[in-house]
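Residue numbers (my numbering): 1 to 191. Notes follow the structure.
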């Protein structure tokens, strides 16, 4: 059996990031009274797997109503099945929105759908990201453009789409999640 070291590294990094992120999310939730999240509408980009799914589980278990955003409908459906299987999170409290965050029209549409369904968005968690593993000299420039579109511009555009209704209400929270790779260099994890 041949082991692909790049895929193994990417899998290990993703797993470690998910565990660390879930621990941080759980810690943040514990700072507030137990009922603080109850009834809040939480929109999570990249919410179908990994850290996004872990955060959805934490917020959903605390009584939050969830709008999960991802590109893959099947992944979203799988995430919802996992979330509601515990009987703690009710199906009607999980809205699935298939969207490509690199398209501004999709961002406007997803915010509109979430507000139509739940009435508002209380918490935005920008979690969507891409990971490309390999030596920097072998990464095509398109990989960097795609990473910036998803990890930076989509985040800004989602904030701009959600912010007006938060400002009108005078409340809301925005959480932007980034890679540890921005602080600690990780070999073959440039973009």
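Note that CB positions come from ideal geometry on N, CA and C, so glycine has one too.
Inter-residue spacing [alpha-carbon to alpha-carbon] between residue i and residue j
| i | j | result |
| --- | --- | --- |
| residue 40 | residue 109 | 20 Å |
| residue 116 | residue 72 | 22 Å |
| residue 156 | residue 48 | 20 Å |
| residue 83 | residue 104 | 28 Å |
| residue 161 | residue 186 | 33 Å |
| residue 124 | residue 144 | 25 Å |
| residue 52 | residue 140 | 27 Å |
| residue 183 | residue 150 | 19 Å |
| residue 159 | residue 138 | 33 Å |
| residue 165 | residue 50 | 28 Å |
| residue 74 | residue 99 | 13 Å |
| residue 62 | residue 180 | 27 Å |
| residue 163 | residue 175 | 12 Å |
| residue 119 | residue 177 | 25 Å |
| residue 92 | residue 102 | 28 Å |
| residue 81 | residue 87 | 10 Å |
| residue 131 | residue 147 | 8 Å |
| residue 152 | residue 46 | 13 Å |
| residue 36 | residue 70 | 26 Å |
| residue 38 | residue 64 | 5 Å |
| residue 134 | residue 142 | 14 Å |
Whole-angstrom C-beta distance between residue j and residue i, which should lie under 8 Å
| i | j | result |
| --- | --- | --- |
| residue 76 | residue 44 | Their Cβ separation, rounded to whole angstroms, is 11 Å, which puts residue 76 and residue 44 out of contact at 8 Å. |
| residue 55 | residue 126 | With a Cβ gap of about 11 Å, residue 55 and residue 126 do not count as contacting. |
| residue 89 | residue 154 | Actually they are not in contact, since the Cβ atoms of residue 89 and residue 154 sit about 26 Å apart, beyond 8 Å. |
| residue 111 | residue 66 | Not quite, the Cβ-Cβ distance comes to about 15 Å (not below 8 Å), so this is no contact. |
| residue 122 | residue 42 | 7 Å |
| residue 79 | residue 97 | The pair is not a contact, with the Cβ atoms about 12 Å apart (cut-off 8 Å). |
Residue i - DSSP class collapsed to helix/strand/coil
| i | result |
| --- | --- |
| residue 130 | coil |
| residue 178 | coil |
| residue 121 | coil |
| residue 171 | coil |
Per-residue burial, residue i [other beta carbons within 10 Å of its own, 16 or more giving buried]
| i | result |
| --- | --- |
| residue 85 | exposed |
| residue 57 | buried |
| residue 129 | buried |
| residue 173 | exposed |
| residue 136 | exposed |
| residue 170 | exposed |
Completely contained alpha helix (DSSP H) runs for the region 20 to 106, where each covers 4 or more residues:
50 to 61, 73 to 84
Just to confirm the assignment: which complete alpha helix (DSSP H) runs, minimum length 4, are found wholly within the region 136 to 161?
141 to 148
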